[in-house]
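K.L.:
I am attaching a structure below and will ask some questions about it afterwards.
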Amino acid sequence: MITIKNLTKSYGSFVAVNNISLEVAAGGIFAFLGVNGAGKTTTIKMLTGILRPSTGSIFLGGFDLLAEPQHAKAITGYIPDRPNLYPKLTGREFLYFICDMYKITGKQAERRIDQVLEEYSLVQWQDELIESYSHGMKQRVATCAALVHEPKVLIVDEPMVGLDPHGARNLKDALKRYAQAGTTIFLSTHSLNVAEELADNLAIIHQGSILTRGTLEDIRQLTGKHEEGLEHMFLELTAPLVQH
22 MITIKNLTKS
32 YGSFVAVNNI
42 SLEVAAGGIF
52 AFLGVNGAGK
62 TTTIKMLTGI
72 LRPSTGSIFL
82 GGFDLLAEPQ
92 HAKAITGYIP
102 DRPNLYPKLT
112 GREFLYFICD
122 MYKITGKQAE
132 RRIDQVLEEY
142 SLVQWQDELI
152 ESYSHGMKQR
162 VATCAALVHE
172 PKVLIVDEPM
182 VGLDPHGARN
192 LKDALKRYAQ
202 AGTTIFLSTH
212 SLNVAEELAD
222 NLAIIHQGSI
232 LTRGTLEDIR
242 QLTGKHEEGL
252 EHMFLELTAP
262 LVQH
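Residue 200 in our numbering sits at position 179 of the sequence shown, and the numbers go up by one each step.
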């Protein structure tokens, strides 16, 4: 469902992402891990069409993101780590705006907006201006906006930022449900416990290159740490490469 081929992003002589290739199967949760500055955010921005790759290609649901951006983006939802919303709209108005962009109108829009507001416990505040929302509520509105058109691909960047424990638990449970229903999820996170709990497969990127990839058991085999958790293995793999 997500295919990344020889993807590179350079800024002059600096290579932020260096010739990476990945495959993410339909209905899976793929965790994309790395220390600060590893290339995660740059990759996410290329996957969402915010940045254009220097070289390489991205296919979302079989659509070439560069050649067919409208088709690729129509089946994709994006939950950013810092939601940039319209503060003078209410939560419901903002979701109407998002539905209009995806050409969802009438009763279908009403149904989907009602569903996501209910799912993320925002019904009580749907008619309040977004500028009055807490950070966690804004994060939930951004999540609703990413899901209102029922995307086949969901790209999630640091989803737990600003969420209280109940909100974080609800979102983790929701991501599992979406994957079970067939949505493909590309999850970038610093929360290794979240990745360990949710991901079917993962990749660790460091200094723009893929350090390792596979299932959690594959990583255990690589490190020889058959009883260890992901955090211990991640630190072991990346610590010798991090400059202090």
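Ideal Cβ positions, reconstructed from N, Cα and C, are used throughout, including at glycine.
If you compare alpha carbons, which of Glu217, Pro186, Cys165 is closest to Gly250?
P.N.:
Selected option, being the one with the closest Cα: Glu217.
K.L.:
Smallest Cα separation from Thr76: which of His253, Gly157, Ile25, Ser153?
P.N.:
Closest option to Thr76, Cα to Cα, is Ile25.
K.L.:
Nearest to Ser8 by alpha carbon, out of Gln228, Leu110, Thr233, Gly245?
P.N.:
Since the first residue shown for the chain is 22 and the last is 265, residue 8 is missing from the structure and cannot be characterised.
K.L.:
Does the beta-carbon distance from Ile23 to Val45 come in below 8 Å?
P.N.:
yes
K.L.:
Ordered along the chain, which non-local residues of its own chain (more than five positions away) have a Cβ less than 7 Å from that of Pro74?
P.N.:
Leu28, Thr29, Lys30, Met67
K.L.:
What is the rounded straight-line gap between the Cα of Asn39 and the Cα of Ser230?
P.N.:
5 Å
K.L.:
Kindly indicate which residue of Asn105, Leu43, Phe51 has the alpha-carbon position closest to the one of Leu213.
P.N.:
Phe51
K.L.:
So what does DSSP say about His265, is it helix, strand or coil?
P.N.:
Residue confidence is low: His265 scores 48 on pLDDT, short of 50, so the model does not pin down where it sits. Its coordinate-derived value is still stated next. The answer is coil: DSSP assigns His265 none of H, G, I, E or B.
K.L.:
State the DSSP-derived secondary structure class of Thr97, mapped to helix, strand or coil.
P.N.:
strand
K.L.:
Expressed to the nearest angstrom, what Euclidean distance is found between the alpha-carbon atoms of Val182 and Ala202?
P.N.:
25 Å
K.L.:
Can you tell me whether Tyr199 is helix, strand or coil according to DSSP?
P.N.:
helix
K.L.:
What does Arg234 pair with, by DSSP beta-bridge criteria?
P.N.:
Ala224
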